[in-house]
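All remarks here apply to the structure that follows.
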Amino acid sequence: MASTAKIINTALTGLSARQREVLENRFGLKGGEGETLAAIGERMNITRERVRQIENAALAVAKTNISKDEEALVLLDRVKQYITGRGGVAKKTEVVEFADSIAKGIGENQIDFLSEASAAFNVYREDEDYHPFYYVTDRDLRNAQAFVEGWANFLKSKKEAALPGAAYRTELASFSKAKSLESSAAESYLSVTKLISANRYGDVGLREWPEINPNTIRDKIYLVLKKGGEPLHFEDIAKKINEVKFDGQVALAPTVHNELIKDERFVLVGRGMYGLKEHGYEPGTAREVIAKVLKGNGPLKATDVVSRVNEQRFFKENTILINLQNKSAFERLPDGRYRVREA
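Numbering (my numbering), first residue to last: 4 to 346.
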């Protein structure tokens with residue numbers, strides 16, 4: 004196995020003390036974060052531009068040293084092949100893990116330095132939409148970004164179809180095939196972007212979707228009820244939100260209750276119990292729900308009314324039966340079935 008320390012020391016051979024200091028601090032070769040040109044210049048009492056000049060001159064020497072170091076060349080070539088095999092783009096953490104199998108103890112600072120000095124591949128710095136990653140050529144970078152943007156735009160019009168975990172994979176496979184892109188490359192491209200994310204339940208989709216990145220209490224309530232598939236008491240909803248741990252914020256039962264009341268997506272189906280309207284639960288009084296059931300299904304026996312109503316709301320059987328006796332609202336037919344009394 005190659006020696007990381009030996010590779011770096013060989014690359015720095017022949018540098019002046021000032022040149023070595025600049026590269027070590029610029030790339031964090033002695034540990035810690037790399038420093039800016041301005042920070043190094045301030046400490047060395049020289050201008051930012053002068054630091055840049057020293058850095059460029061030092062990198063030129065390092066490039067020559069690397070070109071003569073067999074261990075460094077083997078390492079860089081294998082890392083480049085790894086990135087190429089993933090479509091020319093690979094997330095930093097994955098590359099570091101792979102490189103560590105070749106040169107024990109190597110980190111992203113050392114890889115960044117070797118990449119910059121040798122030009123074997125390139126570094127993409129983290130920004131709002133992308134994690135830090137490595138890419139081989141500018142064409143690879145353009146291909147990756149074009150695929151990511153195309154997939155994100157596709158998802159915007161396919162939210163309902165792609166949101167469940169299995170469906171997302173199916174849609175992605177179809178989209179990748181249409182773009183003549185291997186699935187491994189597609190996965191690598193999407194691994195470097197922040198536009199695509201996963202929620203705590205494993206669903207994958209756009210970062211902007213509240214089902215993927217629930218920021219508000221209402222979004223978290225919705226996701227808990229949707230994934231649970233059945234109504235919950237507002238206190239249990241708060242407990243579930245805290246168990247799932249969407250973020251560091253603690254959900255309080257009173258706050259959850261207040262949000263449940265305000266949002267029409269949530270239906271009170273029993274004492275303190277709430278379900279999702281999209282799951283078929285209907286708002287309204289017992290009489291109103293009974294009327295909707297009878298209008299939608301036609302005349303029904305009392306037992307069937309109780310069963311159908313409780314698919315939408317949680318009422319006690321006696322509450323439903325008592326409401327059925329309201330002769331101004333419902334009519335009992337000779338065969339014992341009930342219907343809505345016509346005006």
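All residues carry an ideal CB built from backbone N, CA and C; glycine is no exception.
- If you compare the alpha carbons of Leu-184, Ala-147, Ile-199 and Tyr-137 with that of Leu-166, the shortest gap goes to Ile-199.
- When DSSP states are grouped into helix, strand and coil, Ile-43 belongs to the helix group.
- Secondary structure note for Arg-221: its alpha helix (DSSP H) is the uninterrupted segment 220-231.
- In the three-state reduction of the DSSP assignment, Gly-17 falls in the coil class.
- Taking the C-beta atoms as reference points, Gly-208 is found no nearer than 8 Å to Pro-234.
- The closest CA to that of Leu-324, considering only Arg-221, Gly-278, Ile-11 and Arg-290, is found on Arg-290.
- Beta bridge pairing from DSSP links Phe-333 with Val-343.
- Lys-94 is a Cβ neighbour of Ser-194, given a cutoff of 8 Å.
- In this structure Ser-183 is exposed. Its beta-carbon is surrounded by fewer than 16 other beta-carbon atoms within 10 angstroms.
- For Gly-273, the enclosing beta strand (DSSP E) has its first and last residue at 269-273.
- Counting only runs of 3+ residues, the beta strand (DSSP E) found wholly inside the segment 155-216 occupies 199-201 and 207-209, in chain order.
- Under the DSSP definition of a beta bridge, Ser-6 partners with Lys-107.
- In terms of CA proximity to Ser-187, Val-92 leads the group Ile-215, Asn-202 and Val-92.
- Between the beta-carbon of Arg-311 and that of Asn-329 there is about 17 Å, and that puts the pair past the 8 Å contact cut.
- Restricting attention to Arg-51, Asn-112 and Glu-214, the CA atom closest to the CA of Gly-34 is found in Asn-112.
- Ranking His-236, Lys-295 and Gln-315 by CA distance to the CA of His-282 puts Gln-315 first.
- DSSP, reduced to helix, strand and coil, places Leu-279 within a strand of the structure shown.
- In the three-state reduction of the DSSP assignment, Phe-116 falls in the helix class, which pools H, G and I.
- Between Thr-196 and Asp-132, the beta carbon gap of about 6 Å places them in contact (Cβ cut-off 8 Å).
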